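In our numbering, the protein residues as written are 2 to 363.
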């Protein structure tokens, strides 16, 4: 394994971050594609497992949505009373943050991460309540659906035709200590819906016609799986950086296509697309701009932009880098993104021309 001594300043900064993290509570998110996949049920099962380990666990707030099997799992658990707030002449119940901080359990369950609090609460959003609990050193279990992630808001709207009003910043998801994906195939989810295990019968009929259409559920499931996979990848890269591991870990296929300002670029992108499809790999297309290439005529620079746009249309992520040495930039990018396959066009130079000018492949 290739190990390089880390920079002392980076090492000190990492130690300080780790110390701060050690004082903070741990956040576990039960994550799913949609309502009804079993997030709250799985969360409460985990609570019973922690209680069996003699850990101090309380329920700060759980939404059962009338589901009997979920309600049954609350039996025998300590449940904090809710706080009542008056809003527009109505008495509304909310999670009692102050009571939770005073009780100070080892683990607290606070459901519905994306919930918006009643005006007059200390924080406008529940994820902010949870952040305060974490700052107090309390571990938190919570749950959220993929459509509530802020960065996916437009995608969800396009898929389902529904604008999600309650969202969570992606940083909350990214900084969670643990993500547990609760996955349920769309056909099983629709069966649960028709059996009345998610909504009441009249609500279920409307749901099937709208948000719970099979195509929507397939797309939402794919988004949830992808977000979870991205999260795992980020954790792996963080571990490699923390341990100064330069070697690429071949956990899954990742393809990098390197293009230049020449006629071969478009062919390379199309070949990369075919290879990525065959490997079922994520793929990137990179263009490295050297000081010499920055002086290219506008017609050639426009041609490069057209090829990068083509790559995006074919499903690639595109990256433009600036570096005096193309090979160094490519190697650095490959290490940072855990790339295990690189596609580079073979230069046509022969003999003295190749010896004189060199090539990225060499």
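Glycine included, every Cβ here is placed at the ideal spot set by N, Cα and C.
Computed from a predicted structure; not experimentally measured.
Would you check if the distance between the CB atom of residue i and the CB atom of residue j is smaller than 8 angstroms?
i	j	result
residue 58	residue 23	no
residue 114	residue 169	yes
residue 111	residue 131	yes
residue 167	residue 117	yes
residue 26	residue 135	yes
residue 149	residue 172	no
residue 194	residue 147	no
residue 214	residue 180	no
residue 153	residue 190	no
residue 177	residue 28	yes
residue 46	residue 74	yes
residue 308	residue 267	yes
residue 365	residue 64	The displayed coordinates of the chain run from 2 to 363. Any statement about residue 365 would go beyond what the structure contains.
residue 82	residue 100	yes
residue 223	residue 341	no
When you compare only the Cα positions, how much space is there between residue i and residue j?
i	j	result
residue 290	residue 345	15 angstroms
residue 96	residue 133	13 angstroms
residue 32	residue 199	17 angstroms
residue 159	residue 124	30 angstroms
residue 1	residue 298	Only positions 2 to 363 of the chain appear in the structure, and residue 1 is not among them; the question remains open.
residue 156	residue 225	12 angstroms
residue 282	residue 256	7 angstroms
residue 109	residue 145	16 angstroms
residue 105	residue 139	7 angstroms
residue 343	residue 285	10 angstroms
residue 319	residue 295	18 angstroms
residue 261	residue 270	11 angstroms
residue 163	residue 50	37 angstroms
residue 323	residue 330	8 angstroms
residue 368	residue 67	Missing from the structure shown is residue 368; the chain here goes from 2 to 363 and no further.
residue 196	residue 34	19 angstroms
residue 301	residue 326	20 angstroms
residue 211	residue 188	16 angstroms
residue 84	residue 36	25 angstroms
residue 43	residue 183	8 angstroms
residue 70	residue 175	30 angstroms
residue 143	residue 129	12 angstroms
residue 137	residue 103	10 angstroms
residue 55	residue 287	53 angstroms
residue 338	residue 30	25 angstroms
residue 88	residue 119	7 angstroms
residue 91	residue 126	20 angstroms
residue 273	residue 335	15 angstroms
residue 94	residue 258	55 angstroms
residue 312	residue 72	50 angstroms
residue 48	residue 38	18 angstroms
residue 314	residue 86	50 angstroms
residue 317	residue 280	14 angstroms
residue 328	residue 303	23 angstroms
residue 264	residue 293	18 angstroms
Does DSSP put residue i in a helix, a strand or coil?
i	result
residue 77	coil
residue 1	What the structure shows of the chain is the stretch from 2 to 363, and residue 1 is not part of that stretch, so it cannot be assessed.
residue 220	helix
residue 214	coil
residue 25	coil
Between which two residues does the alpha helix (DSSP H) containing residue i stretch?
i	result
residue 273	265-280
residue 131	127-136
How far does the beta strand (DSSP E) with residue i in it reach, from first residue to last?
i	result
residue 30	28-33
residue 260	255-260
residue 345	342-345
I'd like to confirm something about residue i: is its beta-carbon nearer than 7 angstroms to some heavy atom of the ligand GTP, or not?
i	result
residue 226	Inclusion of the ligand GTP in the displayed structure is not the case, the ligand content being empty and no account of it being possible.
- [ ] Scan the stretch 138-212 and note each continuous beta strand (DSSP E) run of 3 residues or more that stays entirely inside, going in chain order.
- [x] 140-146, 179-182
Open item on the list: Going residue by residue through the stretch 38-125, where are the continuous beta strand (DSSP E) segments of at least 3 residues, counting only ones entirely within it?
Closed with: 58-62, 84-88, 91-95, 108-111
Open item on the list: Please give the ranges of any alpha helix (DSSP H) in the stretch 285-337, keeping only runs that are unbroken, at least 4 residues long and fully inside the region.
Closed with: 299-314, 327-337
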